[in-house]
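**Student:** Line order of the protein sequences matches chains A and B.
Under the numbering used here, the very last position in the first sequence is 374; numbers go up by exactly one each time.
Under the numbering used here, the very last position in the second sequence is 166; numbers go up by exactly one each time.
The beta carbon of each residue, even a glycine, is placed where N, CA and C say it ideally should be.
These numbers were taken from a predicted model, which means no experiment stands behind them.
Okay, handing you the structure first.
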Amino acid sequence: MSQAEKFRKIVSKIHTLPSISGVAPKILSLLDDPNSSAEQVQEILRLDPGLTANILKLTNSAYFGLPNKVGSVKQAVVLLGWRRLIKIVLATCVNAVMDKPIPGYDLPPGELWRHSVAVSVTAEGLMKELGLEVDDEIFTAALLHDLGKLVMGEFVAKDLEAIRSAAEKGAPFQIAEREILGTDHAEIGGMLLKNWSFPSKMIEAVRWHHDPDLAENPGTLIDIVHVANVLCLMLGIGAGIEGLHYQPSSTVTRRLGIKPKQLEMVASQTLQWANELSSVFV
Amino acid sequence: MRQIVQVGDMKVGKKGDILVTHALGSCLGLMVYDPAAQVGGMLHAMLPLSKINPEKAMANPYMFVDTGVPILFKELYKLGGEKKRMKVKAAGCGSPMGDSEIFKIGQRNYTVLKKILWKNKVLLEADDVGGTLSRTVHFIIKTGQTLIKNGSREWEL
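Set out below in structure tokens:
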């Protein structure tokens, strides 16, 4: 099969992947609506009690630091505010599709979720350490960055030897994927989010997480997800078959002005939160 | 018994035990073995120096190379291990591609390990460090064998 045929096959697979949940796009559309209310969120979530239970579990985890446990979505909105609740809802939706093993990348069940959560808390930690204002989009963008692996896994598995040998010749793993399959997991992740009508800033952070220098609109969201991802792989969280075979961008580290000490400081905090959050649903 | 050594953790064992650690990226995996006493231990340390976060180091000394390595040796002495017989092997300490200093945590982990061993006159018998691999290590205490795995590939250290 030619590279172009493989690419077409992978893209057609995007449309067969069930959406992360019917709830996610509805919740996202509320974000843009100035008149949206706590009642509307509750209305949407009422259709899915399992999801609601998990949302409350995550809301009550130590990471979000609420002084008292909440028992309803409405209470959660009051205490956390809109935007923070939405990131919890999306995280809960994402968890449901990430608990499977990912072939090709050699990730055991649950490891992609653990990695995704780790990148989210690392990204927020980096922003704090660098004195940047932590916006709520960063958590979700980081959480979704590897979504493309869900689609790409089976194709990577089929061509693993060819991809590995391209990588061993010196290409970063996503370039090796492109060389053999005509696309890579970051591009497919971006396409998935576009399909599900996510905001363009998030799509770009996912699309360029390995190639931030190629982004048309470079920005902090892309830069932070890029660095946080490399750091989590270094710590072995979600490091699959490709290990650390990616190239961090020196343009990004210069732009962020990040120092080795700051990266180590964030690393020392990552593990506890990643373990805490990733075990919420177990 | 098979024991898993998590990131930022340490385990010791006697013959019959197998110590396993998964996905060593830039972290240091250190295996220490006394063949006469048939005791061994494994450390999975994340960062080189505890001074970066003394509070974390107090709560969990195994997170750092400088605080984790001495405790590993001390725990083995308690089980009857002797320093002069110890065989020491290291794995991990990888880095992403490129030459950015910022991401060289793996190299810094290795440098701090070498310094500690040198100061204490302990030799490093073998190592499999650096590069972009994610390594899983099986340490079989009965034989002292250290097996490294990456995907379907496996080799002995």
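#1: Within 10 angstroms of the Cβ of Pro193 of chain A, are there 16 or more other Cβ atoms? Answer buried if so, exposed if not.
#2: So Ser95 of chain A contacts chain B; which residues on that side make the cut at Cβ distance below 8 angstroms?
#3: Which residues share a DSSP beta bridge with Thr155 of chain B?
#4: Return the first residue and the last residue of the alpha helix (DSSP H) that Val21 of chain B is part of.
#5: Does the segment 86 to 105 of chain B come close enough to the segment 354 to 365 of chain A that 3 or more CB-CB pairs lie under 8 angstroms?
#6: Drop a sphere of 10 angstroms on the beta-carbon of Val344 of chain A, count the other beta-carbons inside from all chains shown, and report buried for 16 or more, exposed for fewer.
#7: What does DSSP give as the partner residue(s) for Met40 of chain B in the beta ladder?
#8: Smallest Cα separation from Lys166 of chain A: which of A:Arg138, A:Asn321 and A:Tyr155?
#9: From the DSSP output, which residues share a beta bridge with Thr30 of chain B?
#10: Is Gly335 of chain A buried or exposed, if buried means 16 or more other CB atoms sit within 10 Å of its CB?
#11: Please confirm whether Gly163 of chain A has its beta-carbon closer than 9 angstroms to some beta-carbon of chain B.
#12: Cα separation between Ser341 of chain A and Asp315 of chain A?
#13: Over the uninterrupted alpha helix (DSSP H) stretch that includes Glu356 of chain A, give me the two end residues.
#14: Throw me the rounded Cβ distance for the Asn309 of chain A and Glu296 of chain A pair, which I believe falls under 8 angstroms.
#15: Taking the alpha helix (DSSP H) that Asp75 of chain B belongs to, which residues open and close that run?
#16: If I follow the unbroken beta strand (DSSP E) through Gln12 of chain B, where does it start and stop?
#17: So what's Glu134 of chain B in DSSP terms, helix, strand or just coil?
#18: Go through the segment 252 to 281 of chain A residue by residue and report every complete run of the alpha helix (DSSP H) that reaches 4 residues or more, in order.
**Tutor:** With the structure as the only source:
#1: Under this definition Pro193 of chain A is an exposed residue.
#2: Before going further, note that residue 95 of chain A is Gln rather than Ser in the sequence given. Under the 8 angstroms cutoff, chain B gives no residues; its nearest Cβ is about 23 angstroms from Gln95 of chain A.
#3: Under DSSP, the beta-bridge partners assigned to Thr155 of chain B are B:Phe148.
#4: No alpha helix (DSSP H) holds Val21 of chain B; the beta strand (DSSP E) holding it covers Asp18 to Lys23.
#5: Short answer: they don't touch.
#6: Label assigned to Val344 of chain A: buried.
#7: B:Met51 and B:Lys98.
#8: Closest option to Lys166 of chain A, Cα to Cα, is A:Arg138.
#9: DSSP, once it has assigned bridges, lists B:Val146 as partnering Thr30 of chain B.
#10: Gly335 of chain A is buried by the Cβ-count criterion.
#11: Not closer than 9 angstroms to any Cβ of chain B, the Cβ of Gly163 of chain A fails to qualify, so no.
#12: One Cα belongs to Ser341 of chain A, the other to Asp315 of chain A, and the distance between them is close to 9 angstroms.
#13: Glu356 of chain A -> alpha helix (DSSP H) spans Pro352 to Ser370.
#14: So it is a contact: roughly 6 angstroms between Cβ atoms.
#15: Start and end: Val74 to Lys87.
#16: First-last of the beta strand (DSSP E) with Gln12 of chain B: Arg11 to Ile13.
#17: In the structure shown, Glu134 of chain B sits in coil (DSSP, three-state: anything other than H, G, I, E or B).
#18: Taking only runs of at least 4 residues, the alpha helix (DSSP H) segments lying wholly in the segment 252 to 281 of chain A are 252 to 260 and 265 to 273.
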